[in-house]
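There are 2 protein chains.
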Amino acid sequence: MQRTYENVLGLLRDAGLRPTRQRLALGKLLFDGDNKHVTAEQLFGFAKQADAKVSLATVYNTLHQFKDAGLLREVVVEPGRSYFDTNMENHHHFFDEDRGELIDIPVELVSLLNLPEPPAGTTIQRVDIVVRISSRQGQ
Amino acid sequence: MQRTYENVLGLLRDAGLRPTRQRLALGKLLFDGDNKHVTAEQLFGFAKQADAKVSLATVYNTLHQFKDAGLLREVVVEPGRSYFDTNMENHHHFFDEDRGELIDIPVELVSLLNLPEPPAGTTIQRVDIVVRISSRQGQ
DNA sequence: GTGATTGCAAATCTTTTGCACTAAA
DNA sequence: TTTAGTGCAAAAGATTTGCAATCAC
Chain R
17 MQRTYENVLG LLRDAGLRPT RQRLALGKLL FDGDNKHVTA EQLFGFAKQA
67 DAKVSLATVY NTLHQFKDAG LLREVVVEPG RSYFDTNMEN HHHFFDEDRG
117 ELIDIPVELV SLLNLPEPPA GTTIQRVDIV VRISSRQGQ
Chain A
17 MQRTYENVLG LLRDAGLRPT RQRLALGKLL FDGDNKHVTA EQLFGFAKQA
67 DAKVSLATVY NTLHQFKDAG LLREVVVEPG RSYFDTNMEN HHHFFDEDRG
117 ELIDIPVELV SLLNLPEPPA GTTIQRVDIV VRISSRQGQ
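Heads up: the sequence lines are chains R and A, in that order.
For the first sequence, the working numbering begins at 17 and goes up steadily by one.
For the second sequence, the working numbering begins at 17 and goes up steadily by one.
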């Protein structure tokens with residue numbers, strides 16, 4: 017089920033991305049076998065902790081290259097910040113509004129029926145379900 | 017069903033917002049009886065067309081005051097831009113990725129079953145379903 | 001070598017804020 | 001009057017871009 021290349025090198029090669037030092041470092045942080053949701057700023061922080069020398073601009077560029085190559089998916093739940101999700105399977109999310117944290121919901125745990133037809137001339141690209149949760153009471 | 021105050025003045029008064037010239041102008045543009053989805057920049061443009069003298073900062077501030085007062089709801093579907101929705105009923109959205117346009121989906125047209133339990137200590141605030149559509153082929 | 005990639009700083013875009021001015025009650 | 005609201009310009013925060021230096025092949 018889960019994407020587990022034994023090495024990031026092969027993953028980058030398969031994606032047609034030149035395996036540079038920076039891409040390898042970021043790829044190792046992202047594709048370690050556990051699904052992750054990171055912002056650019058967070059990944060930049062992780063890279064620093066791991067002593068990987070990568071500029072913030074390169075983190076942004078790399079995230080988008082990974083996304084375009086089909087290795088990541090972008091999730092927009094908050095104004096002014098993007099999350100990148102390493103889980104490429106069809107799934108949905110809880111979004112914890114207090115912590116700013118995403119939690120995967122496997123697609124099998126949700127039954128979505130009876131979507132209306134999309135407008136003529138358009139096709140459905142994706143269905144995103146975001147269940148907003150909070151420690152606050154009520155809705 | 018639809019919120020139709022005969023005048024925006026009463027709507028603002030009921031919301032506890034002082035009916036200033038700017039709020040009245042923006043309120044008339046927003047609450048004319050048709051549901052709308054606008055960005056701050058768009059509303060600023062409409063105000064200009066209507067010869068309403070309002071600054072962009074005031075448009076932003078007013079949108080958030082209307083939101084806090086329960087007159088609007090914020091929808092985040094694109095990185096770096098917020099839409100404000102005058103439809104306060106429970107509903108979902110198509111998002112046309114080519115046009116950057118939202119289309120309401122009445123909640124009755126969707127059956128969502130079997131959501132998983134939210135994590136302990138949290139409650140569900142809202143469930144947002146965004147059906148991303150495009151004139152491009154496939155998904 | 002040669003073209004792709006990176007880093008930095010500057011630019012961009014959306015949104016927020018500080019503060020003197022104006023207007024509603 | 002008194003206090004809330006506004007406008008402007010500046011600041012902030014996330015993201016993108018131009019370009020010379022560097023790296024992968």
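Glycine residues also receive a C-beta, built at the ideal position from the N, C-alpha and C atoms.
Source: prediction; values computed, not measured.
Buried versus exposed call for residue i [16 or more other C-beta atoms within 10 Å across all chains shown]
{"i": "S71(R)", "result": "exposed"}
{"i": "D101(A)", "result": "buried"}
{"i": "R39(A)", "result": "buried"}
{"i": "R152(R)", "result": "exposed"}
{"i": "R115(A)", "result": "exposed"}
{"i": "T139(R)", "result": "exposed"}
{"i": "D144(R)", "result": "buried"}
{"i": "T36(R)", "result": "exposed"}
{"i": "N106(R)", "result": "exposed"}
{"i": "L129(A)", "result": "exposed"}
{"i": "L125(R)", "result": "exposed"}
{"i": "A63(A)", "result": "buried"}
Beta strand (DSSP E) segment containing residue i, residue limits
{"i": "F110(A)", "result": "H107 to D112"}
{"i": "D67(A)", "result": "Segment: none, D67(A) is in no beta strand (DSSP E) and carries neither H nor E."}
{"i": "R89(R)", "result": "R89 to E94"}
{"i": "L118(A)", "result": "E117 to P122"}
Strand pairing of residue i, partner residues [DSSP]
{"i": "S127(R)", "result": "L129(A)"}
{"i": "S150(A)", "result": "T139(R)"}
{"i": "H53(R)", "result": "D101(R)"}
{"i": "V75(R)", "result": "Answer by DSSP bridge pairing: none, since V75(R) is not bridged."}
{"i": "D144(R)", "result": "V146(A)"}
{"i": "L28(R)", "result": "L28(R) pairs with nothing; no bridge assigned."}
{"i": "D48(A)", "result": "In DSSP, D48(A) forms no bridge with anything."}
Same chain only: Cβ atoms within 8 angstroms of residue i, ignoring 5 sequence neighbours per side
{"i": "Y99(R)", "result": "H53, V54, T55, E90, V91, V92, V93 and L118"}
{"i": "M104(R)", "result": "R19, G86, L87, L88 and R89"}
{"i": "P135(R)", "result": "none"}
{"i": "V123(R)", "result": "E105, N106, H107 and H108"}
Close beta carbons around residue i, own chain, < 7 angstroms, minus the five adjacent residues each side
{"i": "K44(A)", "result": "V24"}
{"i": "R97(R)", "result": "T55"}
{"i": "T78(A)", "result": "Q38, R39 and L42"}
{"i": "R148(A)", "result": "F111 and E113"}
{"i": "L33(A)", "result": "R39, Q81 and A85"}
Other residues of its chain near residue i: CB distance less than 6 angstroms, five sequence neighbours each side excluded
{"i": "S150(A)", "result": "E113 and D114"}
{"i": "T74(R)", "result": "Q38"}
Just by C-beta distance, which residues in the segment 72 to 84 of chain R are closer than 7 angstroms to chain A? none
Identify each residue in the segment 116 to 147 of chain A for which the Cβ-Cβ distance to at least one residue of chain R is less than 8 angstroms, and report them in chain order. I119, I121, L125, V126, S127, L128, L129, N130, L131, P132, P134, P135, G137, T138, T139, I140, Q141, R142, V143, D144, I145, V146 and V147
At a Cβ cut of 9 angstroms, what residues of the segment 87 to 98 of chain A count as close to chain R, listed as they run along the chain? E90, V92, V93, E94, P95, G96, R97 and S98
Please list the residues of the segment 98 to 115 of chain R that have a C-beta atom closer than 7 angstroms to any C-beta atom in chain A, keeping them in chain order. S98, F110, D112 and E113
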